[in-house]
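Student: The following block contains the structure, expressed as structure tokens.
Protein chains: 2
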Amino acid sequence: MNKQLIDQITNAIKSVMPTDQEVYPLHTPKFQGNEWKYMKDCIDSTWVSSVGKYVDQFEKELAAYTGVKRAIAVTNGTAALHLSLIVTGVQPGDEVLIPSLSFVATANAVTYCQATPHFVDCDQKTLGINVKKLFAYLETNTFVKQGQLYNKHTNNRISTIVPMHTFGHPVDMDELLELAKQFDLKVVEDAAEGLGSFYKGKHVGSFGDTAALSFNGNKVITTGGGGAVLTNDETLADRAKHLSTVAKVPHQWEYIHDEIGFNYRMPNINAALGCAQLEQIPLFLEKKRNLAYQYNKVIKSIEGIEFFTEKEHNHSNYWLNAILLDDPDINLRNEIIQRLHKEKILVRPIWKPLNELVMYQNCPRMDLSVSKDLNERIINLPSNVWE
Amino acid sequence: MNKQLIDQITNAIKSVMPTDQEVYPLHTPKFQGNEWKYMKDCIDSTWVSSVGKYVDQFEKELAAYTGVKRAIAVTNGTAALHLSLIVTGVQPGDEVLIPSLSFVATANAVTYCQATPHFVDCDQKTLGINVKKLFAYLETNTFVKQGQLYNKHTNNRISTIVPMHTFGHPVDMDELLELAKQFDLKVVEDAAEGLGSFYKGKHVGSFGDTAALSFNGNKVITTGGGGAVLTNDETLADRAKHLSTVAKVPHQWEYIHDEIGFNYRMPNINAALGCAQLEQIPLFLEKKRNLAYQYNKVIKSIEGIEFFTEKEHNHSNYWLNAILLDDPDINLRNEIIQRLHKEKILVRPIWKPLNELVMYQNCPRMDLSVSKDLNERIINLPSNVWE
Ligand SMILES: Cc1ncc(COP(=O)(O)O)c(C=O)c1O
Ligand SMILES: Cc1ncc(COP(=O)(O)O)c(C=O)c1O
Chain Y
215 MNKQLIDQIT NAIKSVMPTD QEVYPLHTPK FQGNEWKYMK DCIDSTWVSS VGKYVDQFEK
275 ELAAYTGVKR AIAVTNGTAA LHLSLIVTGV QPGDEVLIPS LSFVATANAV TYCQATPHFV
335 DCDQKTLGIN VKKLFAYLET NTFVKQGQLY NKHTNNRIST IVPMHTFGHP VDMDELLELA
395 KQFDLKVVED AAEGLGSFYK GKHVGSFGDT AALSFNGNKV ITTGGGGAVL TNDETLADRA
455 KHLSTVAKVP HQWEYIHDEI GFNYRMPNIN AALGCAQLEQ IPLFLEKKRN LAYQYNKVIK
515 SIEGIEFFTE KEHNHSNYWL NAILLDDPDI NLRNEIIQRL HKEKILVRPI WKPLNELVMY
575 QNCPRMDLSV SKDLNERIIN LPSNVWE
Chain X
215 MNKQLIDQIT NAIKSVMPTD QEVYPLHTPK FQGNEWKYMK DCIDSTWVSS VGKYVDQFEK
275 ELAAYTGVKR AIAVTNGTAA LHLSLIVTGV QPGDEVLIPS LSFVATANAV TYCQATPHFV
335 DCDQKTLGIN VKKLFAYLET NTFVKQGQLY NKHTNNRIST IVPMHTFGHP VDMDELLELA
395 KQFDLKVVED AAEGLGSFYK GKHVGSFGDT AALSFNGNKV ITTGGGGAVL TNDETLADRA
455 KHLSTVAKVP HQWEYIHDEI GFNYRMPNIN AALGCAQLEQ IPLFLEKKRN LAYQYNKVIK
515 SIEGIEFFTE KEHNHSNYWL NAILLDDPDI NLRNEIIQRL HKEKILVRPI WKPLNELVMY
575 QNCPRMDLSV SKDLNERIIN LPSNVWE
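First to last, the sequence lines map onto chains Y and X. Residue 215 is where the first sequence starts when you use this note's numbering, and the numbers rise one by one after that. Residue 215 is where the second sequence starts when you use this note's numbering, and the numbers rise one by one after that.
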């Protein structure tokens, strides 16, 4: 039974891969635009560091593309999340609601604020936060005091929720914002994987109080390492920028800093790469969506698995393609992965649930059975922009 | 009196500046080597992100140049300090001895560890930690319990001392290491400004348990933004590298992280810049030392001020040149600065003592009168590698 299924899956995926590659990684960056030109301009002008025209240009173009008022370019997505959490008001001792299925940076950023991740279950439909289930959980496990939400069991304030748009697939933001409103939660979108994804026609990261993007080497566009804070709130934007530049107060020559800041500003040389990459985003997205279309076509007919497709209201960047086994079976999942690795197709499972990592295993959580189920079912497929 | 002195200083400094510039900043980077070649190679190979041959090469070459066993390339000097403090064992609640005259990042890095900066006075001779004065202070204000040093007044553990090599001038490391040994302190060198500086023939940053370098745009060499942890201890090096790469445990496909890590790894594209810059370091240092020689020549004859020169046993990179007024006089200092700014010579005072910044004004400290005195006397001069 399993052997036949594994053969079918392997053949289907191989049929989609180009034939001229030695190895098929999940992602490799593509540089076919003005990358050279802009970087050479940086070097020639000697503006490579944290002040420079490409940083400004990259921020303006990012804001325009994602439809927010302000974008602040920073060293990476983790820094963007950290700043987002601070400026929206996360305090030491708070709990922050995050999905149990995410990259570890989502939880780490909470910890950098001396706050505690509070793990929330995921949803079969979106792979993101399971809003309905969370609603019921919050109703019975929290209380409100002076307009603030508290965890009944720990007595800690729950200040913020972090919806993460898994693999680029948008969370149902209407539902999520409704819940946030009901429970007085700030919203920080982890849109690290979401550049080019839209919910009801609006770009992800434009719904929350703030959002974080990533331009790591594996993302839709790359700046080497990089990220951005997105927000429609000028005050939050100014504070995020201030914190990212060591909280230095403008002065002709004095070194005055008015709070504990960070060196999180994106260097100009990396922003130059970003400007060139952003120009190519329509092409990248077209190719990504086309690859997903091809996967879906060959996988649709295989019984026992499903290719994950965008849901109603969503336009996904298909940053990372995924198949789901009909039934949770971690052995079968691993067998499939092993077999594809033999073919040099470097598929991976979804992240281990964050609540299972040693440093997070004692954090508060709701029932996480859907996340566990998804973890035993999901395999991520190469999602490169080939040729 | 003052007017005459200000005229003399202005004329002396102007006489050293090249005549073809519109403005004279403290530093601008120079790219006259293989910068473009290596960066183009990065783009062509698509290895721009945090894995790639230039990161490895840069680390090897840095270690060789500074004479340490291991260098770990990270996003900036602040990240290098943060990791250095963690791996040498700074714990939440600890106090860390740092000079009151430093860039704010030295204190911030301590705070990121949930430790407290404990401010130490500086020395007229080195501009770094005043070791003799600190010795006397520790003798009367600390006690030892189970081989650990404690602050008598706060009862907090004092775990670590951070000598900073101000403007590239080495601290007297023999004295400092003797003190550290006597009081069981770990040593983290803040060598952010010290690339190319040597104490008794050994590169700064090679004396402590760990050290931090910076490759910010204003430093001796630049990677856009960047830094490095230096250490002779393989275990500390491995841990710093592990922490800088999100504490990810090697596995073919599983995402396992075994502690709270960071995204602090230097991207390959920035390391490519670093490799090209490092090749030019002998040239940069020669020019910097030559500029200092010229400053000294024209300033020597002016009564009332002194040009800061390297002390016995030291070979300084003269990263940032400085003059000192004979007597503390903040008004005179500011008048000189103002006058030179009018001439487009963008001189600056040394940093405001960190203990005077709002977020650090309640931190423990010893008498800081020398630092205060130095703050009212020092003016930093343009230290560019011209032409
Ligand atoms: C969901 C998620 N959050 C946060 C991050 C952190 O971004 P970065 O790697 O740029 O720090 C990533 C990407 O790595 C991610 O996938
Ligand atoms: C003394 C000192 N420490 C730390 C730093 C921090 O380095 P970076 O700016 O690369 O984070 C700097 C430089 O900016 C510095 O001068």
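For each residue, glycine too, the CB sits at the ideal point set by N, CA and C.
Using a threshold of 7 Å, state whether the C-beta atoms of residue 527/X and residue 413/X are closer than that.
Tutor: One-based indexing of the second sequence puts residue 527/X at position 313. One-based indexing of the second sequence puts residue 413/X at position 199. Yes, these two residues count as a Cβ contact at 7 Å.
Student: Taking the alpha carbon of residue 290/X as the reference point, which residue from 550/Y, 329/Y, 480/Y has its own alpha carbon closest?
Tutor: Along the second sequence, one-based indexing puts residue 290/X at 76. Checked all of 550/Y, 329/Y, 480/Y; the closest Cα to residue 290/X is 480/Y.
Student: Could you tell me which residues DSSP puts in a beta bridge with residue 404/Y?
Tutor: Translated into the one-based positions of the first sequence, residue 404/Y becomes position 190. 378/Y, 426/Y.
Student: Distance check for residue 453/X and residue 301/X, CA to CA, integer angstroms please.
Tutor: As a first step, residue 301/X is located in the second sequence; it is residue number 87 there, counting from the start. As a first step, residue 453/X is located in the second sequence; it is residue number 239 there, counting from the start. Going from the Cα of residue 301/X to the Cα of residue 453/X covers about 7 Å.
Student: Report whether the distance from the Cβ of residue 321/Y to the nearest heavy atom of ligand 2 is below 6 Å.
Tutor: To locate residue 321/Y, count along the first sequence from 1; it is residue 107. Outside the cutoff, so no.
Student: For residue 215/X, count neighbouring C-beta atoms within 10 Å of its own C-beta (all shown protein chains included) and say buried if the count is 16 or more, exposed if not.
Tutor: Taking the second sequence and counting its residues from 1, one reaches residue 215/X at position 1. Burial call: exposed.
Student: Taking buried to mean at least 16 other C-beta atoms within 10 Å of its own C-beta, is residue 236/X buried or exposed?
Tutor: Indexing the second sequence from 1 puts residue 236/X at position 22. Exposed, because fewer than 16 other Cβ atoms sit within 10 Å of the Cβ of residue 236/X.
Student: With distances taken Cα to Cα, identify the nearest neighbour of residue 294/Y among 319/Y, 566/Y, 449/Y, 307/Y.
Tutor: Taking the first sequence and counting its residues from 1, one reaches residue 294/Y at position 80. Residue 294/Y has its Cα closest to that of 319/Y, out of 319/Y, 566/Y, 449/Y, 307/Y.
Student: DSSP has residue 364/Y in a bridge; who is on the other side?
Tutor: For the purposes of this step, residue 364/Y is taken as residue 150 along the first sequence, with counting starting at 1. Note: residue 364/Y sits in a beta bridge opposite 357/Y, 371/Y.
Student: Spell out a yes or no on whether the region 533-547 of chain Y and the region 586-595 of chain Y are touching, meaning 3 or more CB-CB pairs, one atom from each, closer than 8 Å.
Tutor: Yes, they touch.
Student: Looking at residue 580/X and ligand 2, is the gap between the Cβ and the nearest heavy atom below 6 Å?
Tutor: Position 366 of the second sequence holds residue 580/X. Result no, Cβ not under 6 Å from ligand 2.
Student: Is any non-hydrogen atom of ligand 1 found closer than 6 Å to the C-beta of residue 594/Y, if you look at the structure I gave you?
Tutor: Along the first sequence, read from residue 1 onward, the residue named residue 594/Y stands at position 380. False, no ligand heavy atom lies under 6 Å from that Cβ.
Student: Helix, strand or coil for residue 413/Y per DSSP?
Tutor: Along the first sequence, one-based indexing puts residue 413/Y at 199. Residue state, collapsed to three classes: strand.
Student: Give, in chain order, every residue of the region 552-582 of chain X whose Cβ lies closer than 8 Å to some Cβ of chain Y.
Tutor: Here the close residues are 555, 560, 561, 562, 563, 565, 566, 571, 572, 573.
Student: Which whole-angstrom value describes the C-beta separation of residue 310/X and residue 376/X, a residue pair presumed to lie in contact below a C-beta threshold of 8 Å?
Tutor: Your numbering for residue 310/X matches position 96 in the second sequence. Your numbering for residue 376/X matches position 162 in the second sequence. That pair is a contact at about 6 Å.
Student: What residues in the region 238-257 of chain Y bring their beta carbon closer than 9 Å to a beta carbon of chain X?
Tutor: From the region 238-257 of chain Y, only 242, 243, 244, 245, 249, 250, 253, 254, 256, 257 have a Cβ closer than 9 Å to chain X.
Student: Take every Cβ of the region 559-578 of chain Y, pair it with every Cβ of the region 245-253 of chain X, and state whether three or more of those distances are shorter than 8 Å.
Tutor: Segments in contact, no.
Student: Using the Cβ count rule (16 or more neighbours within 10 Å means buried), how would you classify residue 401/X?
Tutor: Here residue 401/X is taken as the residue at index 187 of the second sequence, counted from 1. Counting Cβ neighbours within 10 Å, residue 401/X comes out buried, since at least 16 surround it.
Student: Using alpha carbons as the reference points, say which of 326/X, 269/X, 441/X, 578/X lies closest to residue 426/X.
Tutor: What you label residue 426/X is simply residue 212 of the second sequence in a count that begins at 1. Taking only the C-alpha atoms, the option nearest residue 426/X is 441/X.
Student: Which residues of chain Y have a Cβ atom closer than 8 Å to the Cβ of residue 263/X, listed in chain order?
Tutor: Stepping through the second sequence from its first residue, residue 263/X is reached at position 49. Within chain Y, the residues near residue 263/X are 243, 430, 431, 432, 436, 438, 439.
Student: Using CA coordinates, which residue listed in 472/Y, 373/Y, 585/Y, 524/Y is at the minimum distance from residue 567/Y?
Tutor: Residue mapping note: residue 567/Y aligns to position 353 of the first sequence, counting from 1. The option with the nearest alpha carbon to residue 567/Y is 585/Y.
Student: For residue 352/X, which residues of its own chain have a beta-carbon under 7 Å away from its beta-carbon, when the five flanking residues on both sides are left out?
Tutor: As a working note, residue 352/X is residue 138 in the second sequence. Excluding positions up to five away in sequence, the list reads 397.
Student: Shortest alpha-carbon distance to residue 287/Y belongs to which of 443/Y, 308/Y, 424/Y?
Tutor: In the first sequence, residue 287/Y corresponds to position 73, counting from 1. For the residues 443/Y, 308/Y, 424/Y, the minimum Cα distance to residue 287/Y belongs to 443/Y.
Student: Between residue 460/Y and chain X, is there a C-beta pair that is closer than 7 Å?
Tutor: Here residue 460/Y refers to the residue found at position 246 of the first sequence. Taking Cβ atoms only, chain X reaches closer than 7 Å to residue 460/Y, which makes this a yes.
Student: Using a Cβ-Cβ distance under 7 Å, would residue 542/Y count as near chain X?
Tutor: For this step, residue 542/Y is matched to residue 328 along the first sequence. No - not a single Cβ of chain X is within 7 Å of the one on residue 542/Y.
Student: Hey, would you say the C-beta of residue 602/X is under 6 Å away from at least one heavy atom of ligand 2?
Tutor: Residue 602/X falls outside the range modelled here, since chain X spans only 215 to 601, and no answer is possible.
Student: Hey, is residue 317/X close to ligand 2, as in C-beta under 6 Å from one of its heavy atoms?
Tutor: Sequence index remark: in the second sequence, residue 317/X carries index 103 (1-based). Yes, the Cβ of residue 317/X comes within 6 Å of a heavy atom of ligand 2.
Student: Is it true that the region 461-477 of chain Y meets the region 552-562 of chain X, where meeting means three or more beta-carbon pairs spaced less than 8 Å apart?
Tutor: The region 461-477 of chain Y is in contact with the region 552-562 of chain X.
Student: Going along the chain, which unbroken runs of the alpha helix (DSSP H) with 4 or more residues stay wholly within the region 530-565 of chain Y?
Tutor: 544-556, all fully within the region 530-565 of chain Y.
Student: Give the interface partners of residue 408/X over in chain Y, defined as CB-CB distance under 8 Å, in chain order.
Tutor: Taking the first residue of the second sequence as 1, we reach residue 408/X at position 194. Result: empty, since nearest Cβ-Cβ is about 18 Å, beyond 8 Å.
Student: So which residues of chain Y does residue 472/X contact, with C-beta pairs closer than 8 Å?
Tutor: Reading the second sequence from its first residue, position 258 is the one you call residue 472/X. Here the neighbours are 571, 572, 573.
Student: Measuring straight from C-alpha to C-alpha, what distance separates residue 324/X and residue 505/Y?
Tutor: If you number the second sequence from 1, residue 324/X lands on position 110. If you number the first sequence from 1, residue 505/Y lands on position 291. Roughly 47 Å separates the two Cα atoms.
Student: Quick one: what's residue 471/X bridged to in DSSP?
Tutor: For the purposes of this step, residue 471/X is identified with residue 257 of the second sequence, where counting begins at 1. Beta-bridge pairing links residue 471/X to 462/X.
Student: Helix or strand or just coil, what does DSSP make of residue 158/X?
Tutor: Residue 158/X lies beyond the residue range present for chain X, which begins at 215 and ends at 601; the question has no answer from this structure.
Student: Any heavy atom of ligand 2 within a distance shorter than 6 Å of the CB on residue 270/X?
Tutor: Position 56 of the second sequence holds residue 270/X. Residue 270/X Cβ: outside cutoff for every heavy atom of ligand 2.
Student: One question on the structure: do residue 252/X and residue 451/X come within less than 7 Å of each other, judged by their Cβ atoms?
Tutor: For the purposes of this step, residue 252/X is taken as residue 38 along the second sequence, with counting starting at 1. For the purposes of this step, residue 451/X is taken as residue 237 along the second sequence, with counting starting at 1. Cβ atoms of residue 252/X and residue 451/X: not closer than 7 Å.
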